[in-house]
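Counting from 1, one number per residue, gives the positions in the sequence shown under full-length UniProt numbering.
These notes are about the structure you will find just below.
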Amino acid sequence: MPSIERTDPPYLQIAGYIRNQILSGELKDGDPVPSARNIASEWNVAMATAAKVLTTLRSEGHVKAVPGIGTVVNSKDSHPYAGDRSMSVVKTGRIYPEGHYARILKAELVTAPDRVADALGVEASAPVIRRVRTTYNDQDVPVATSVSWFSGELASRAPLLLETERIPKGTFAYVAEQTGRTLEREHSQLAATAADAAAAEQLGVAEGSPVLVSRDKFVDAGGDVIEYGESTSLPDQWVFVESARAAKGDT
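Okay, here's the thing in structure tokens:
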């Protein structure tokens, strides 16, 4: 069906610019964010538009108002949603906010579970690559755990997927580089649920604790799934979900 393409309103474009500065670490936790007056002057927009920029960023949990100081970055309480780290690396070259880091717990070739086989479009008995990681904030507190799945056919073309060392550019960008494919995020699913035993252990919470679970598919330009990811995040960690698809290339 035909669709209408619209440019984002100015306040969303400005909010996106500041958001990327926060996610990339250019603006760190506690750093001041431009005031509505400064935004209006710098971007040549109305004060009402500038004020809406700050309201949007506050509603997402990226900034907060501090009496006597103004609006400052609130990255300690914000965690990038797994699917949107792909966009962060495309736009900023960084996959995590300043101070956040990940530990790769497992990188192995296993038999595909049914749900993973369906997601990747491979046979249920086919070998697949599984990468398990836990993400920590700048206080060394675990905030999320995730599993990335890839077709076993990538084992020879993208061998770093089977090593427990971090891939700084992100698995998405690495696979794109190794295969020459143009990749983009297809869609995401999110649900509030209870932590299973594995997630509870990695996040340091009791089994059954409330968590946010996401599932993401990353596809190439032809629609073939390259990476399927599952992520579990703690409550009280604001998770930002970008609505647009990733641009050509990475994560």
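C-beta atoms are modelled at their ideal positions from N, C-alpha and C, and glycine is treated no differently.
**OP:** Run the CB neighbour count on Y17, radius 10 Å, all protein chains shown included, and call it buried at 16 or more, exposed below.
**Re:** exposed
Subject >> P9 to V122 span [Cα, whole Å] >> reply: 41 Å
Subject >> Within 9 Å, strictly: CB atoms of S214 and Q178 >> reply: no
Subject >> Coil, strand or helix - D118 by DSSP >> reply: helix
Original post:
Can you tell me where the alpha helix (DSSP H) with E42 in it begins and where it stops?
Top reply: A36 to W43
Subject >> Per-residue DSSP class, three states only, for I69 >> reply: coil
**OP:** Kindly indicate the opening and closing residues of the beta strand (DSSP E) around L105.
**Re:** Y101 to T111
Original post:
On the three-pair Cβ rule with 8 Å, is the segment 135-146 touching the segment 156-168?
Top reply: no
Original post:
Thinking just about the alpha-carbon of each residue, which of D224, S146 and A119 is nearest to the one in K106?
Top reply: S146
**OP:** Alpha carbon to alpha carbon, how far is L12 from Y228? Give it in angstroms, no decimals.
**Re:** 29 Å
Subject >> Inter-stretch contact (C-beta, 8 Å, three-pair minimum) for the segment 23-36 and the segment 61-73 >> reply: yes
Subject >> Opening and closing residue of the alpha helix (DSSP H) in which A144 lies >> reply: Unbroken run through A144 is the beta strand (DSSP E), P142 to S151; no alpha helix (DSSP H).
**OP:** Would you kindly work out how many angstroms separate the C-alpha atoms of P67 and R37, rounded to a whole number?
**Re:** 17 Å
Subject >> M87 - DSSP class collapsed to helix/strand/coil >> reply: In this prediction, M87 has a pLDDT of 49, which is less than 50 and means its spatial position is unreliable; nothing more can be read from the coordinates.
Original post:
For P210, which residues of its own chain have a beta-carbon under 6 Å away from its beta-carbon, when the five flanking residues on both sides are left out?
Top reply: P235
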